[in-house]
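Numbering (my numbering), first residue to last: 0 to 215. Positions of the beta carbon are idealized from the N, C-alpha and C atoms, including for glycine. All values reported here derive from a predicted model rather than from experimental measurement. Before any comments, here is the structure.
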């Protein structure tokens with residue numbers, strides 16, 4: 000018997016939006032998958048040839064790129080940051096809408112003009128995306144890598160600005176920060192391991208099923 004296809008899905012908000020897509024693509028997880036108290040990470044589905052794993056959003060791309068999972072659902076922000084050559088992203092799932100933005104304290108923003116920047120110090124979990132964005136404008140970006148609590152960086156003088164994922168902007172506002180520049184609009188994508196796309200016969204029909212699910 001062939002090993003099941005493994006689809007990596009992210010924990011959190013995107014997972015809630017992905018559930019109807021999975022159903023329309025003909026994939027229904029076992030009941031434990033929807034249990035918020037479950038500590039399990041791998042789950043069966045109503046299809047014996049498909050399992051799901053639930054991992055951190057940033058790790059989805061790594062699992063799929065290295066072939067531990069054959070497909071995954073991941074934000075375009077993660078794809079841009081890691082730029083794995085082993086990943087193929089054939090379908091924009093049109094979920095998880097947000098943006099990667101530069102933000103700074105409201106008091107600083109009142110007199111600041113991003114067009115005049117030549118050097119910036121920025122706290123972010125997207126150092127490669129940030130440096131690439133500013134390098135294209137001839138701005139030197141010094142990045143301090145953080146994995147969370149980005150909004151604390153300006154308050155505690157770690158870095159005067161941050162680059163982070165923004166959805167409603169509420170978290171920024173509650174921490175006295177404002178957006179001053181958008182680096183990229185973000186949506187979630189279906190990603191496929193390139194080798195699996197060529198060698199696992201179930202993969203192409205699954206990609207087509209997700210494409211139809213989005214169109215529906």
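Measuring only the C-alpha atoms, how far is residue i from residue j?
i, j, result
"residue 122", "residue 46", "43 angstroms"
"residue 213", "residue 80", "25 angstroms"
"residue 281", "residue 126", "Summary: the structure shown does not reach residue 281, with the chain confined to residues 0 through 215, and so no result is reported for it."
"residue 191", "residue 21", "15 angstroms"
"residue 137", "residue 131", "10 angstroms"
"residue 101", "residue 162", "5 angstroms"
Would you please state the rounded distance, in angstroms, between the beta carbons of residue i and residue j? I believe it to be under 8 angstroms.
i, j, result
"residue 185", "residue 151", "Incorrect: roughly 22 angstroms between the Cβ atoms, too far for contact."
"residue 85", "residue 177", "Not really, about 38 angstroms apart at Cβ, beyond 8 angstroms."
"residue 63", "residue 70", "7 angstroms"
"residue 113", "residue 180", "5 angstroms"
"residue 95", "residue 16", "6 angstroms"
"residue 188", "residue 91", "6 angstroms"
"residue 49", "residue 3", "6 angstroms"
Please name the residue, chosen from the options, that lies closest to residue i on a Cα-to-Cα basis.
i, options, result
"residue 44", "53, 36, 38", "53"
"residue 60", "100, 173, 75, 167", "75"
"residue 42", "51, 36, 34, 35", "51"
"residue 65", "48, 210, 133, 5", "5"
"residue 145", "193, 3, 129", "129"
"residue 133", "17, 116, 147", "116"
"residue 36", "56, 10, 23", "10"
"residue 159", "140, 91, 215", "140"
"residue 107", "175, 38, 2", "175"
"residue 171", "48, 189, 105, 208", "105"
"residue 196", "167, 148, 206", "206"
"residue 40", "18, 8, 157", "8"
So for residue i, helix, strand or coil by DSSP?
i, result
"residue 124", "coil"
"residue 136", "coil"
"residue 144", "strand"
"residue 75", "helix"
"residue 119", "strand"
"residue 15", "helix"
"residue 203", "helix"
"residue 129", "helix"
"residue 177", "strand"
"residue 20", "helix"
What are the boundary residues of the alpha helix (DSSP H) that includes residue i?
i, result
"residue 169", "169-173"
"residue 59", "56-64"
"residue 152", "151-154"
Over what stretch of residues does the beta strand (DSSP E) that includes residue i continue unbroken?
i, result
"residue 195", "Here residue 195 belongs to no beta strand (DSSP E); instead the alpha helix (DSSP H) covers 193-198."
"residue 91", "86-91"
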